[in-house]
Amino acid sequence: MSKSILKINLNKVKTNFLNEIMEYQTEVNKIHNNLITKNVTENNWLGWMDLPSDPFNLEQIKKMQEIYNKWKLMKIDTVVVIGIGGSYLGAKAGYEYFYGNYGQNLNGMELVFAGNSLSAEALVETLKYVQNKNFAINVISKSGTTLEPSIAFREFRKVLENKVGINVSKELIVATTDAKKGVLFDIAKTMKYETLVIPDNVGGRFSVLSPVGLFPLMLAGLNIEEILNGARDANIDANIQDLSQNNAYQYAVARYILASKYNYLIEMFVNYEPKLIYFAEWWKQLFAESEGKNSKGLFTVSALFSTDLHSLGQWIQEGNNQILFETVLTFKNSNEDITLQSNNIDLDQLKFLNNKKMSEVNQTAFEGTIDAHFEVGEVPNIWIEIENKNEYTLGYLFQFFERSLAMSSYLLGVNPFNQPGVEVYKTNMFRKLKDLN
Numbered sequence: 003m004s005k006s007i008l009k010i011n012l013n014k015v016k017t018n019f020l021n022e023i024m025e026y027q028t029e030v031n032k033i034h035n036n037l038i039t040k041n042v043t044e045n046n047w048l049g050w051m052d053l054p055s056d057p058f059n060l061e062q063i064k065k066m067q068e069i070y071n072k073w074k075l076m077k078i079d080t081v082v083v084i085g086i087g088g089s090y091l092g093a094k095a096g097y098e099y100f101y102g103n104y105g106q107n108l109n110g111m112e113l114v115f116a117g118n119s120l121s122a123e124a125l126v127e128t129l130k131y132v133q134n135k136n137f138a139i140n141v142i143s144k145s146g147t148t149l150e151p152s153i154a155f156r157e158f159r160k161v162l163e164n165k166v167g168i169n170v171s172k173e174l175i176v177a178t179t180d181a182k183k184g185v186l187f188d189i190a191k192t193m194k195y196e197t198l199v200i201p202d203n204v205g206g207r208f209s210v211l212s213p214v215g216l217f218p219l220m221l222a223g224l225n226i227e228e229i230l231n232g233a234r235d236a237n238i239d240a241n242i243q244d245l246s247q248n249n250a251y252q253y254a255v256a257r258y259i260l261a262s263k264y265n266y267l268i269e270m271f272v273n274y275e276p277k278l279i280y281f282a283e284w285w286k287q288l289f290a291e292s293e294g295k296n297s298k299g300l301f302t303v304s305a306l307f308s309t310d311l312h313s314l315g316q317w318i319q320e321g322n323n324q325i326l327f328e329t330v331l332t333f334k335n336s337n338e339d340i341t342l343q344s345n346n347i348d349l350d351q352l353k354f355l356n357n358k359k360m361s362e363v364n365q366t367a368f369e370g371t372i373d374a375h376f377e378v379g380e381v382p383n384i385w386i387e388i389e390n391k392n393e394y395t396l397g398y399l400f401q402f403f404e405r406s407l408a409m410s411s412y413l414l415g416v417n418p419f420n421q422p423g424v425e426v427y428k429t430n431m432f433r434k435l436k437d438l439n
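Take 3 as the starting number for the sequence shown in this note's numbering and just add one per residue.
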């Protein structure tokens with residue numbers, strides 16, 4: 003099943019581009035074997051590769067189900083998911099992948115995301131929003147020292163305690179954190195909150211298939227087993243030795259060639275569905291934070307077409323076509339569709355659209371755009387197409403891009419599992435905040 007659900011098309015990148023990719027077969031084999039055998043310096047951070055089948059992860063899912071059942075009995079309708087970066091982007095991406103901005107057809111609890119900025123207005127608005135909700139809290143942080151979620155947790159916990167009392171609030175707070183140590187672990191132990199474990203060998207931006215992402219998505223009504231099934235099949239496909247049959251590694255090598263051989267600096271991740279805006283944000287962090295070091299790595303940006311064609315489209319078409327390429331993700335089938343109404347009067351001069359499906363219009367926009375950008379603008383386009391938008395394909399895409407990222411990073415010669423540059427701003431910020439006293 004998995005081999006048919008995702009296709010990668012390289013026909014609009016460079017002439018004979020697949021032949022260039024195949025020149026890296028030997029190097030890809032070496033890196034792949036090192037990853038599979040954990041024969042890399044950073045082997046203590048490779049736990050994400052095994053999450054879809056990891057027995058401990060599956061045990062955690064049983065605990066998650068018990069908490070979900072308890073909260074349902076307590077008539078919880080809303081869960082505040084507190085986290086930043088990899089601690090929330092995967093869950094947010096999955097939530098909007100299904101429900102979009104409006105929470106329509108919600109099968110479970112509403113998720114409200116907090117602790118991902120230092121905006122006073124955003125915090126106050128969200129606190130007000132949940133005051134009249136029957137809400138619970140899932141706070142996510144491996145260390146518990148990250149400022150944004152720590153502040154948010156303090157404030158939401160106070161509101162919850164005032165609303166239901168300290169004893170009941172303990173039943174409504176779950177900390178997803180380290181198994182044995184850290185500020186959040188200590189708080190949870192002291193307050194007797196339930197805890198879910200972020201494995202020691204899984205970094206934040208690779209944690210979506212751990213309780214970090216799976217617990218919120220379970221609460222929202224998604225089928226967690228199907229997400230993991232998709233991820234397992236993505237692993238199977240990524241283990242294919244023949245590079246010509248391995249889409250994940252083709253994507254990795256394509257990015258590497260465009261950056262190292264052709265000197266492209268920017269990769270724009272493009273999609274045509276508003277529900278994928280936060281999937282693009284998850285992708286952006288995964289690649290930028292993993293590869294952007296040692297003066298290497300592509301600058302990753304994202305765009306929603308056709309919306310951004312009315313702003314960025316001009317630059318892409320006629321700007322500097324030597325620095326940017328596009329990676330476009332589309333779906334072969336649309337979950338929802340509408341047939342455009344017939345209008346014989348033709349006052350809007352759109353009679354040619356009578357009885358056309360909206361998905362056809364969107365697909366035609368994609369086809370016209372990719373031709374314009376490549377044929378006329380000479381902007382390379384990597385096209386990734388997946389069959390449907392469901393839990394299985396969500397899990398597949400998460401693991402597909404993580405496996406691609408690992409290969410891409412090692413081709414580049416960087417450690418994909420650290421982020422020393424992020425610590426610089428944190429150090430400065432904490433110093434200045436302490437100076438306020």
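Ideal Cβ positions, reconstructed from N, Cα and C, are used throughout, including at glycine.
Look up residue i in the DSSP assignment and say whether it is helix, strand or coil.
{"i": "T43", "result": "coil"}
{"i": "N118", "result": "coil"}
{"i": "I63", "result": "helix"}
{"i": "I200", "result": "coil"}
{"i": "T128", "result": "helix"}
{"i": "N35", "result": "helix"}
{"i": "M193", "result": "helix"}
{"i": "I153", "result": "helix"}
{"i": "A261", "result": "helix"}
{"i": "L53", "result": "helix"}
{"i": "I86", "result": "coil"}
{"i": "A408", "result": "helix"}
{"i": "T148", "result": "coil"}
{"i": "E123", "result": "helix"}
{"i": "D310", "result": "helix"}
{"i": "V414", "result": "According to the sequence provided, residue 414 is Leu. The question's Val does not apply to it. In the structure shown, L414 sits in a helix (DSSP, three-state: H, G or I)."}
{"i": "G184", "result": "coil"}
{"i": "T17", "result": "coil"}
{"i": "N164", "result": "helix"}
{"i": "G205", "result": "coil"}
{"i": "V255", "result": "helix"}
Determine which residues share a DSSP beta bridge with residue i and list them.
{"i": "V272", "result": "A305, V330"}
{"i": "E25", "result": "Paired residues: none, contrary to the question."}
{"i": "L113", "result": "V81"}
{"i": "T440", "result": "Nothing in the structure corresponds to residue 440, since the chain is present only between 3 and 439."}
I need the boundaries of the alpha helix (DSSP H) containing residue i, first residue and last residue.
{"i": "A374", "result": "Counting along the chain, A374 falls outside any alpha helix (DSSP H), and DSSP gives it neither H nor E."}
{"i": "L8", "result": "Per DSSP, L8 belongs to no alpha helix (DSSP H); it is in the beta strand (DSSP E), 8 to 14."}
{"i": "T429", "result": "422 to 437"}
{"i": "G232", "result": "226 to 240"}
{"i": "L91", "result": "91 to 101"}
{"i": "K286", "result": "279 to 293"}
{"i": "V214", "result": "213 to 221"}
{"i": "G315", "result": "315 to 320"}
{"i": "V170", "result": "168 to 171"}
What's the call for residue i, buried or exposed, on a 16-neighbour Cβ count within 10 Å?
{"i": "V170", "result": "exposed"}
{"i": "T28", "result": "exposed"}
{"i": "K298", "result": "exposed"}
{"i": "L60", "result": "exposed"}
{"i": "I69", "result": "buried"}
{"i": "E369", "result": "exposed"}
{"i": "Q252", "result": "buried"}
{"i": "K130", "result": "exposed"}
{"i": "M431", "result": "exposed"}
{"i": "P54", "result": "buried"}
{"i": "S152", "result": "buried"}
{"i": "R257", "result": "buried"}
{"i": "Y195", "result": "buried"}
{"i": "G110", "result": "buried"}
{"i": "S246", "result": "exposed"}
{"i": "I84", "result": "buried"}
{"i": "G206", "result": "buried"}
{"i": "Y280", "result": "buried"}
{"i": "T329", "result": "buried"}
{"i": "D180", "result": "buried"}
Which stretch, first to last residue, makes up the beta strand (DSSP E) that contains residue i?
{"i": "E387", "result": "383 to 388"}
{"i": "A177", "result": "175 to 179"}
{"i": "F137", "result": "137 to 142"}
With 9 Å set as the bound, which would you pick, yes or no: does the beta-carbon of residue i sit closer than that to a beta-carbon of chain D?
{"i": "N322", "result": "Absence of chain D from the displayed structure is noted, only one protein chain being present."}
**Study point:** Meets three-Cβ-pair contact criterion under 8 Å: the stretch 390 to 402 and the stretch 229 to 237
**Key:** yes
**Study point:** Contact the stretch 205 to 221 vs the stretch 82 to 100: 3+ CB pairs below 8 Å
**Key:** yes
Practice item. Mind the definition here: the stretch 69 to 84 touches the stretch 179 to 186 only if three or more C-beta pairs lie below 8 Å; say whether that holds. Key: no
Practice item. Mind the definition here: the stretch 132 to 139 touches the stretch 301 to 321 only if three or more C-beta pairs lie below 8 Å; say whether that holds. Key: no
Exercise for review: Inspect the CB distances between the stretch 386 to 394 and the stretch 6 to 22 and report whether three or more fall short of 8 Å.
Suggested key: yes
Review point. Does the pairing of the stretch 267 to 280 with the stretch 238 to 250 give three or more beta-carbon distances under 8 Å?
Key: no
Practice item. May I ask you to verify whether the stretch 157 to 166 touches the stretch 95 to 103, counting CB pairs closer than 8 Å and requiring at least 3? Key: no
Exercise for review: Could you tell me whether the stretch 40 to 50 touches the stretch 421 to 436, using the rule of 3 or more Cβ pairs below 8 Å?
Suggested key: no
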